[in-house]
Structures are given as C-alpha cells and as structure tokens.
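Numbering (the working numbering), first residue to last: 42 to 150. Heads up, the beta-carbon is just placed ideally off N, CA and C, and yes, glycines get one too.
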Amino acid sequence: MMLVGHHYAQQSGITKNVRSVLQQIDTLTIRKDITYLADDKLLGRLPGTPGYKMAVDYVVERFKEIGLTPAGDSGTFIQTLLIRKATVDNKSVIAVLQDKTGNTDTLVP
Numbered sequence: 042m043m044l045v046g047h048h049y050a051q052q053s054g055i056t057k058n059v060r061s062v063l064q065q066i067d068t069l070t071i072r073k074d075i076t077y078l079a080d081d082k083l084l085g086r087l088p089g090t091p092g093y094k095m096a097v098d099y100v101v102e103r104f105k106e107i108g109l110t111p112a113g114d115s116g117t118f119i120q121t122l123l124i125r126k127a128t129v130d131n132k133s134v135i136a137v138l139q140d141k142t143g144n145t146d147t148l149v150p
C-alpha cells in the first residue's frame with residue numbers, strides 16, 4: 042500500500058506539459074543516434090579530425106530536425122573554442138631519492 046502511495050505522489054508532481062513531452066520520446070531514434078555516434082567509422086571523434094566533423098554534422102542535423110534554436114556562433118549550432126593539448130615527454134623525468142642519512146640516488150628512465 043505504501044509503495045502505491047509513493048508512486049502516486051511522484052506522478053502527481055509531473056505537469057501535463059512534462060508528461061506530454063515524455064510521451065514523445067522515441068527510444069528507437071535515441072538508439073539510432075547513439076549507434077551512429079559510437080560507430081568506429083567516426084574514429085573516436087577527436088577534435089579536429091574527420092570523425093569529429095562527421096559527429097558535429099550529425100548532431101547539427103538532428104538539432105535542426107527536432108526544431109532547436111541555434112545559439113552558437115553567428116546563429117549556428119557551432120561554438121568555436123580553443124582546445125589546448127599538452128604531452129609529457131617521459132624522457133625528461135628524473136627522480137631523486139634520498140635515504141635517512143642524506144645519500145641521494147638519481148633515476149633517469
């Protein structure tokens with residue numbers, strides 16, 4: 042009995058508008074979108090790569106299909122940003138070990 046009451050309480054908090062939107066969710070389309078975006082042909086979607094461009098183009102088209110309003114650069118769905126990339130050269134790593142008596146040992150990979 043308590044479980045039924047709890048379920049009812051949760052449902053009563055959902056407005057008619059929200060309920061209407063929830064009923065419009067198409068799980069097959071969501072599955073299709075995920076399948077495409079996870080496909081190996083996008084090669085991981087690393088920014089700046091052809092796979093990334095394919096993913097962006099796909100998402101932009103989907104946004105247009107569902108009627109979203111662009112809020113990106115120059116009235117588009119795209120927002121330009123700077124992505125910085127850094128790498129560590131493991132050959133430049135040096136470890137200096139010191140024991141209790143003050144003796145040191147240097148480790149170079």
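Asked, Found
"Using the three-state DSSP reduction, which class does V137 fall into: helix, strand or coil?", "strand"
"Kindly indicate which three-state DSSP category D146 falls into: helix, strand or coil?", "strand"
"How should H47 be labelled, buried or exposed, when 16 other C-beta atoms within 10 angstroms of its C-beta is the threshold for buried?", "In this prediction, H47 has a pLDDT of 49, which is less than 50 and means its spatial position is unreliable; nothing more can be read from the coordinates."
"Which runs of the alpha helix (DSSP H), 4 residues or longer, sit entirely within the segment 88-137?", "91-106"
"Taking the alpha-carbon of M95 as reference, which of Y77, A112, L109 and F104 has the nearest alpha-carbon?", "Y77"
"Rounded to the nearest angstrom, what separates I75 and R103 at their Cα positions?", "12 Å"
"Can you check which of these residues, V129, V97 and A127, is closest to F118 by C-alpha distance?", "V97"
"Take G13 and list the residues in its own chain whose beta-carbon comes closer than 7 Å to its own, dropping the five residues that flank it on each side.", "Residue 13 is absent from the structure shown; the chain starts at 42 and stops at 150."
"Does T56 come out as helix, strand or coil in the three-state DSSP assignment?", "coil"
"Please state the DSSP three-state secondary structure of D157.", "Outside the shown range of the chain, which is 42 to 150, sits residue 157, and nothing can be said about it."
"Please go through the same chain and pick out, in chain order, the residues whose beta-carbon is closer than 8 Å to the beta-carbon of T56, but skip the five residues on each side of it.", "none"
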